[in-house]
Amino acid sequence: MAANPGKKDGERLGEYERKRDFETTPEPAAKKRRKGKSAPRFVVQEHSARRLHWDLRLEHEGAAASWAVPNGIPDDPSENRKAVHTEDHPLEYLDFEGEIPAGEYGAGTMRIWDRGTYEVEKWEEGKIVFAFSGERLSGRYALFRAGKSEKDWMIHRIDPPGEERDPFPESVVPMLAKLSKLPAGDDGWAVEVKWDGVRAIAYCRPGRLELQSRNLNDVTAQYPEVRRLSRRLGAREAVLDGELVVFDEGGRPSFERLQQRIHQTSESVVRRRMKSHPVTYVIFDLLYLEGVNLMSEPYARRRELLEGLELAGESWQTPANSTGHAKELLAASAEHGLEGIVLKRLDSRYAPGKRTGSWLKVKNLGRQEFAIGGWLPGEGRRRNRLGAILLGYFEEEGEDRELRYAGKVGTGFSDRDLDELIERLRPLARKSNPFAGRRGPRQANFVDPRLVAEIEFRELTAEGMVRHGSFKGLREDKPAEEVGLERPEPT
Ligand code: MN
1235 MAANPGKKDG ERLGEYERKR DFETTPEPAA KKRRKGKSAP RFVVQEHSAR
1285 RLHWDLRLEH EGAAASWAVP NGIPDDPSEN RKAVHTEDHP LEYLDFEGEI
1335 PAGEYGAGTM RIWDRGTYEV EKWEEGKIVF AFSGERLSGR YALFRAGKSE
1385 KDWMIHRIDP PGEERDPFPE SVVPMLAKLS KLPAGDDGWA VEVKWDGVRA
1435 IAYCRPGRLE LQSRNLNDVT AQYPEVRRLS RRLGAREAVL DGELVVFDEG
1485 GRPSFERLQQ RIHQTSESVV RRRMKSHPVT YVIFDLLYLE GVNLMSEPYA
1535 RRRELLEGLE LAGESWQTPA NSTGHAKELL AASAEHGLEG IVLKRLDSRY
1585 APGKRTGSWL KVKNLGRQEF AIGGWLPGEG RRRNRLGAIL LGYFEEEGED
1635 RELRYAGKVG TGFSDRDLDE LIERLRPLAR KSNPFAGRRG PRQANFVDPR
1685 LVAEIEFREL TAEGMVRHGS FKGLREDKPA EEVGLERPEP T
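Heads up, the sequence shown is in our numbering, so the first residue is 1235 and it goes up one at a time.
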């Protein structure tokens, strides 16, 4: 026995028995047993304990040799995964499924993920080579000691998997929607609410989840409540597209509230804000599922597969969409104070990083981001503080990109915004006016256009000036130099 060499059957289960109270746990007690002649059995149990992991148990010499595999059994031969050797379990455990009560060792839910028989090629001290024949698992694997401790093992697939698998996408730039008016006909379009938050792609692999922002930054640590989604997916590998949203009391997405999460990276602050400003990951697309890249599948098919995953939890949801009824939905969204709607062609492919016109956004109020090129001090009560920010956007001018002035905005700031903006604008101060062409107020404090502000407005004039604008917050997910003017395109 690799685990406890030199011990006799029955003695090996001492540790298993010591850790458990069989009056409390439904797990089986150890029994003496005869050796069987049929092929040895294996089980992989998905164990949703303090941390989700997979327990691999191999029937061997009258007991079940056991390993806890934090990221599941790999299918790809290029990957070695950690396998923590644990105490032998009784053979009865090969059939065990159920709830281990709180307070007991391994408390949580245990369910059988796969089982079957296996064939041993080699069983040596610190190295086992074998082949699974299960319902999910097949193929040759090696388990081997790797590390100082007796517990440190790895599991590795030896032969290539039978079926072709598409590689797991590592960093997808989200597909974008074009600002538009309602299309004349809404046949062939899926219509959904426009979620006012920050875009994020979730990379889910067994036991782990990574969230990447639109500019491919890893923002996982900022939104810990979304991590539990990986438990829901279990051993399924998936890449999801969606929006991180904070809802207000009325159930409306609030970009202002989300500000309390976007700019936080300290772990203790994130913990506190998770309670006061919880985020919901609103999932609207599925780009990869269990070895299949879905980006070339039509949206309708991706949506169907996404809905099949039934992802609805405390910190994530898959909101409904409809086919057609765009006009009614837009009116309803205005009535509920929502930003607008998004239309997606049912037959469209996913085009990473592109604004192809297969996705359209139709907004109730004007809304877009601008680069901040300067600021004006306040008047009256706000005399020593910030009064207004000067907005700009970039435009191609020959070989150059020039910053164009788009007006100023002096409302929508909370006290906290006023302090934070000044603090972040001061180090960017410059003497020269950054705007080309129309130059803005001469007495302004100019800055390098680095910060990006989200602005809501009543009107955008033909000259590209914002009228009746209001500050919604700073964005961190887009570099200022990419800010251009968005105009609804007639369709
Ligand atoms: Mn376990």
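We treat Cβ as the ideally placed atom computed from N, Cα and C, and that holds for glycine. The model shown is predicted, which means the values in this text are computed figures rather than measured ones.
Collapsing the DSSP output to three states places Ala1566 in a helix. Our two residues, Asp1482 and Phe1276, have alpha carbons roughly 50 Å apart in a direct line. Excluding the 5 residues flanking it on each side, Pro1395 has same chain C-beta neighbours closer than 6 Å at Asp1309, in chain order.
Taking a C-beta distance under 9 Å as the contact criterion, Ala1436 and Ala1472 qualify as a contact pair. Bridge partners of Glu1631 according to DSSP: Asp1634. Residues whose Cβ lies closer than 6 Å to any heavy atom of ligand 1, listed in chain order: His1281, Ala1283, His1287, Asp1289, Ala1302, Gly1340.
The three-state secondary structure of Glu1355, taken from DSSP, is strand. Here Phe1256 is exposed, its C-beta having fewer than 16 other C-beta atoms within 10 Å. Residue range 1649 to 1659 is occupied by the alpha helix (DSSP H) that includes Asp1651.
The Cβ neighbour count for Asp1393, taken over all protein chains shown within 10 Å, is under 16; the residue is labelled exposed.
Here Arg1537 is buried: its Cβ has 16 or more other Cβ atoms, across all protein chains shown, within 10 Å. DSSP places Ser1510 in the helix class (H, G or I) of the three-state scheme.
About 32 Å separates the CB atoms of Gly1646 and Ser1556; that is not less than 8 Å, and the two are not in contact. Judged by DSSP in its simplified three-state form, Thr1454 adopts helix. The beta carbon of Leu1290 sits closer than 6 Å to those of Val1278, Trp1301, Val1303, all from its chain and outside the five residues before and after it, given in chain order. Annotated three-state conformation of Ala1714 is helix, per DSSP. Per DSSP, the beta bridge partners of Lys1578 are Ala1424, Trp1593.
For Glu1471, there is no enclosing beta strand (DSSP E), as DSSP marks it with neither H nor E.
Going by C-alpha positions, Glu1524 is about 15 Å away from Trp1347.
Gly1621 has its alpha-carbon roughly 13 Å from the corresponding atom of Leu1659. In this structure, the straight-line span from the alpha carbon of Val1643 to that of Glu1697 is close to 17 Å.
The C-alpha of Glu1293 lies about 5 Å from the C-alpha of Pro1274. Look at Lys1561 here: in three-state DSSP terms it is helix. Take Thr1259, set aside five residues on each side of it, and the residues of its chain with a beta-carbon closer than 7 Å to its own are Ile1334, Pro1335, Glu1338, in chain order. Your pair Ala1560 and Val1425 checks out as a contact, with CB atoms roughly 5 Å apart and the cut at 8 Å.
A distance below 9 Å separates the beta carbons of Glu1603 and Val1686. Boundaries of the alpha helix (DSSP H) around Glu1249: 1248 to 1252.
Residues Gly1422, Pro1532, Tyr1533, Ala1534 of the same chain have their beta carbon placed closer than 8 Å to that of Asp1581, with the five preceding and five following residues left out of the count. Residue state for Tyr1533 is assigned as helix, using DSSP reduced to three classes. A distance below 9 Å separates the beta carbons of Arg1589 and Lys1412. Cβ contact annotation for Glu1477 (same chain, cutoff 6 Å, sequence separation greater than five): Trp1429, Gly1431, Arg1433, Val1516, in chain order.
In the three-state scheme derived from DSSP, where H, G and I count as helix and E and B as strand, Asp1322 is classed as strand.
With contacts defined by Cβ atoms closer than 9 Å, Leu1637 and Pro1683 form a contacting pair. Of the other Cβ atoms in all chains shown, fewer than 16 fall within 10 Å of the Cβ of Pro1553; this residue is therefore exposed. Here Lys1253 has Tyr1339 as same chain residues with Cβ atoms under 6 Å from its own Cβ, once five neighbours each way along the sequence are excluded.
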